[in-house]
Amino acid sequence: MTATTTASTDYTLNELMCVLAAREIGDGDVVFVGIGLPNLACNLARATHAPNMTLIYESGAVGAVPDRVPPSIGDPALVTGSLMVTSMSDIFQSFLQNGKIQIGFLGGAQVDKRGNINTTAVGPYASPKVRLPGSGGACEIAQHAQRVLIVTKLDKRAFPDKVDFITSNGKRVKKVITNMGILEPDETGELTLTALYPGVTFEKVQENIGWALKKAPRLAEVALPTANEIDLLRNTLDPKRLHIK
Amino acid sequence: MKNKVLSMKDAVASLVHDGDTVVIEGFTHLICFAAGHEIIRQKKKNLTLARLTPDLIYDQMIQAGVARKLIFSWAGNPGVGSLHAFRRAVEAKPPTLEIEEYSHFGMVSRLSAGAANLPFWPLKNYEGTDIPKVNPLIKSVQCPYTGETLATVPALRPDVTIVHAQRADKGGNTQVWGLMGVQKEAAFASKRVIVVVEELVDESVIRQDPNRTLIPGLQVDAVVVEPFGAHPSYAQGYYDRDNDFYVAWDKIAREEASFRKYLDEFVYGVKDRAEYMAKNAGLAEKLKAKPQVCAGVDYGY
Chain Y
0 MTATTTASTD YTLNELMCVL AAREIGDGDV VFVGIGLPNL ACNLARATHA PNMTLIYESG
60 AVGAVPDRVP PSIGDPALVT GSLMVTSMSD IFQSFLQNGK IQIGFLGGAQ VDKRGNINTT
120 AVGPYASPKV RLPGSGGACE IAQHAQRVLI VTKLDKRAFP DKVDFITSNG KRVKKVITNM
180 GILEPDETGE LTLTALYPGV TFEKVQENIG WALKKAPRLA EVALPTANEI DLLRNTLDPK
240 RLHIK
Chain C
0 MKNKVLSMKD AVASLVHDGD TVVIEGFTHL ICFAAGHEII RQKKKNLTLA RLTPDLIYDQ
60 MIQAGVARKL IFSWAGNPGV GSLHAFRRAV EAKPPTLEIE EYSHFGMVSR LSAGAANLPF
120 WPLKNYEGTD IPKVNPLIKS VQCPYTGETL ATVPALRPDV TIVHAQRADK GGNTQVWGLM
180 GVQKEAAFAS KRVIVVVEEL VDESVIRQDP NRTLIPGLQV DAVVVEPFGA HPSYAQGYYD
240 RDNDFYVAWD KIAREEASFR KYLDEFVYGV KDRAEYMAKN AGLAEKLKAK PQVCAGVDYG
300 Y
């Protein structure tokens with residue numbers, strides 16, 4: 000076994016989430032991405048097993064190769080050196096609605112049992128307790144990306160039985176990569192625990208989820224980050240540790 | 000060629016009226032803060048502000064009291080968090096700002112319909128979501144060819160659209176590079192258009208590279224020259240996004256007192272962008288873009 004495939008015992012939870020998200024990306028996939036950990040996951044995938052993936056941002060950058068972790072999805076570094084810069088009308092119609100996107104990364108203040116996502120309001124819409132930013136491009140990404148992935152930390156309030164407002168439909172959510180384990184929809188579409196991270200118990204996950212969680216008949220083993228993946232994250236892709244701390 | 004160059008003050012005074020629907024477009028890139036600030040200084044009233052991402056500029060306009068209504072699709076501080084004036088207004092009991100909400104695709108489609116002189120635009124969207132439940136203007140239509148049901152959004156025809164750009168000639172032929180967002184559609188959908196540029200160039204510069212022209216002069220009513228008019232947003236090839244400002248803004252905007260103090264000092268307290276930049280000593284040097292010049296193409300035949 001070479002050094003690059005040796006499992007690293009030294010990793011943070013954010014690094015683990017990032018590595019697991021990166022491994023979801025196939026070489027050649029076209030990925031619609033936002034900022035933060037998913038963006039870093041894409042950069043990691045491109046630097047390892049998926050050199051031919053294409054990063055697309057709703058802002059209009061296609062085939063972006065950002066040389067800094069973009070603080071916003073409209074960062075100028077997404078333009079410099081990209082393959083194409085186009086209008087948002089092209090992005091939503093010719094790319095997204097036309098079925099060209101394999102993977103869409105989404106996040107949200109609330110994710111429910113059906114994978115529905117709320118980024119609009121906590122409490123009633125007309126009289127919200129907390130007004131959130133709204134859909135942005137999330138609603139259409141959830142409808143048109145072939146696979147929707149969510150990377151987020153578990154928290155009882157963030158994972159209610161039912162979201163207060165469905166901003167994005169959960170039908171295409173294929174995996175939720177959390178800080179404790181992995182959730183995937185069962186045959187009825189209900190998010191179910193399919194893998195636990197080392198040292199985490201089912202009870203611990205249940206404490207942080209707002210519905211009676213089911214688990215898959217056999218929980219999968221999670222392949223831990225390799226020394227090479229950790230080295231790339233810390234020393235090349237996120238040297239300032241903006242996302243992997 | 001007709002000379003359409005005006006000062007920001009004159010352009011806003013003559014082309015933005017109380018009660019107008021105003022679009023200041025630019026997706027993260029080329030957001031014309033200078034025009035928003037001038038609208039605040041001129042104390043315009045009862046505006047309907049429309050934009051995909053209200054960003055800090057519409058938050059400042061909401062705080063300053065020029066807006067009656069907001070039409071939007073994502074109201075946050077990108078990469079940072081909330082728009083606090085927006086949240087205060089919408090979370091108030093009762094709310095003090097009317098909202099009409101879409102997704103980005105919905106907003107883009109509204110402007111596409113406006114630009115194409117169509118009454119609505121069809122899109123495959125909103126299935127199984129609550130967005131149409133809270134916005135009755137999102138409807139549906141049965142396709143006469145396939146029978147499938149498509150969502151529809153109505154055309155948006157702004158009274159005035161304001162676009163920031165790298166350069167234009169005095170007739171308003173406007174060239175943009177980098178992210179182009181929905182500015183072209185917004186300009187063609189709009190009754191009046193103000194273009195604000197980093198540089199005024201000769202018509203011959205435009206003619207050298209016509210593919211770069213995003214908005215033709217025939218669609219433009221006024222050209223305003225205000226370098227750094229997009230700060231803290233950015234202009235590709237001119238200056239970087241001021242990400243530190245976006246982060247620092249969160250604290251300023253959280254409290255109404257500090258928000259008002261900012262407006263007093265940097266909006267009401269200056270007469271134009273040049274004065275604003277003079278107040279921000281060292282900023283131009285800090286944000287100056289590193290050059291990455293493209294070789295250009297051959298238009299010969």
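Protein chains in written order, with numbering that gives the first Met the number 0: chain Y, 0 to 244; chain C, 0 to 300.
Every residue gets a Cβ at the ideal spot worked out from N, C-alpha and C, and that includes glycine.
Proximity of Y/F31 and Y/I116 at Cβ, strictly below 8 angstroms: Numbered from its first residue, the first sequence carries residue 31 of chain Y at position 32. Numbered from its first residue, the first sequence carries residue 116 of chain Y at position 117. Against a cut-off of 8 angstroms, the Cβ pair of Y/I116 and Y/F31 comes out as no contact.
Where the alpha helix (DSSP H) through C/W120 begins and ends: Position 121 of the second sequence holds residue 120 of chain C. Membership of C/W120 in any alpha helix (DSSP H) is not indicated; the residue belongs instead to the beta strand (DSSP E) covering F119 to L122.
Cross-chain neighbours of C/N124 in chain Y, by beta carbon under 7 angstroms: Your numbering for residue 124 of chain C matches position 125 in the second sequence. Near C/N124 (Cβ distances below 7 angstroms), the residues of chain Y are C138, E139 and Q142.
Given 8 angstroms, three or more beta-carbon pairs between the stretch 64-80 of chain Y and the stretch 124-132 of chain Y: No: fewer than three Cβ pairs fall under 8 angstroms.
Where the stretch 128-162 of chain C meets chain Y: residues whose CB sits under 7 angstroms from a CB there: Correct list: T128, D129, I130 and V133.
Minimum Cβ-Cβ distance from C/T27 to chain Y less than 8 angstroms: Numbered from its first residue, the second sequence carries residue 27 of chain C at position 28. Yes - at least one Cβ of chain Y is within 8 angstroms of the one on C/T27.
Identity of the residue in C/Y125, C/T148, C/A150 and C/K138 nearest Y/C138 by Cα: Within the first sequence, residue 138 of chain Y is the residue found at index 139, counting from 1. Cα-wise, what sits closest to Y/C138 is C/Y125.
Residue interval of the alpha helix (DSSP H) (run including Y/P37): By one-based count along the first sequence, residue 37 of chain Y stands at place 38. Residue range L36 to A46 is occupied by the alpha helix (DSSP H) that includes Y/P37.
Extent of the continuous beta strand (DSSP E) run through C/V140: As a position in the second sequence, residue 140 of chain C is number 141, starting the count at 1. Counting along the chain, the beta strand (DSSP E) containing C/V140 begins and ends at K138 to Q141.
Local conformation of C/E147 per DSSP, three classes: Start at 1 with the first residue of the second sequence, and residue 147 of chain C comes out as number 148. It is coil, neither helix nor strand.
Chain-ordered neighbours of Y/Q96 on chain A, where CB pairs are closer than 9 angstroms: Looking for chain A here will not work: the only protein chains present are Y and C.
Minimum C-alpha distance to C/A34 - residue among C/S257, C/P94, C/Y237 and C/V222: The residue you call residue 34 of chain C lines up with position 35 of the second sequence. When only C-alpha atoms are compared, the closest one is C/V222.
Backbone secondary structure at Y/G98 - three-state DSSP: As a working note, residue 98 of chain Y is residue 99 in the first sequence. In the structure shown, Y/G98 falls within a coil segment according to DSSP collapsed to helix, strand and coil.
Through-space distance from C/F104 to Y/G98, alpha-carbon basis: Mapped onto the first sequence, residue 98 of chain Y falls at position 99. Mapped onto the second sequence, residue 104 of chain C falls at position 105. If you take the alpha carbons of Y/G98 and C/F104, they lie about 15 angstroms apart.
Own chain partners of C/D220 with C-beta closer than 7 angstroms, once the 5 adjacent residues on each side are dropped: Locating residue 220 of chain C in the second sequence gives position 221, counting from the first residue. So the list reads K3, L14, R191, V192 and I193, once near-sequence residues are dropped.
Cβ-Cβ separation, Y/N38 to C/T128 (assumed contact under 8 angstroms), whole Å: By one-based count along the second sequence, residue 128 of chain C stands at place 129. By one-based count along the first sequence, residue 38 of chain Y stands at place 39. About 25 angstroms separates the two Cβ atoms, so there is no contact after all.
Beta carbon of Y/V84 nearer than 8 angstroms to that of Y/A60: As a working mapping, residue 84 of chain Y is identified with position 85 in the first sequence. As a working mapping, residue 60 of chain Y is identified with position 61 in the first sequence. A contact, by the Cβ cut-off of 8 angstroms.
Residues that C/Y57 contacts on chain Y, provided the C-beta gap is smaller than 8 angstroms: Reading the second sequence from its first residue, position 58 is the one you call residue 57 of chain C. Ordered by position in chain Y, no residue passes the 8 angstroms Cβ test against C/Y57, which lies about 13 angstroms from the chain.
Alpha-carbon spacing of C/V140 relative to C/L149, whole angstroms: Reading the second sequence from its first residue, position 141 is the one you call residue 140 of chain C. Reading the second sequence from its first residue, position 150 is the one you call residue 149 of chain C. Rounded to the nearest whole angstrom, the CA to CA distance from C/V140 to C/L149 is 5 angstroms.
Interface flag, C/L178 vs chain Y, CB-CB below 8 angstroms: Reading the second sequence from its first residue, position 179 is the one you call residue 178 of chain C. Interface flag for C/L178 against chain Y is set, since a Cβ pair is found closer than 8 angstroms.
Bridge-paired residues (DSSP) for Y/G180: The residue labelled residue 180 of chain Y in the question sits at position 181 within the first sequence. The bridge partners DSSP lists for Y/G180 are Y/L195.
Short Cβ contact (8 angstroms threshold) for Y/A157 with Y/L192: For the purposes of this step, residue 157 of chain Y is identified with residue 158 of the first sequence, where counting begins at 1. For the purposes of this step, residue 192 of chain Y is identified with residue 193 of the first sequence, where counting begins at 1. Between Y/A157 and Y/L192, the CB-CB gap reaches or exceeds 8 angstroms.
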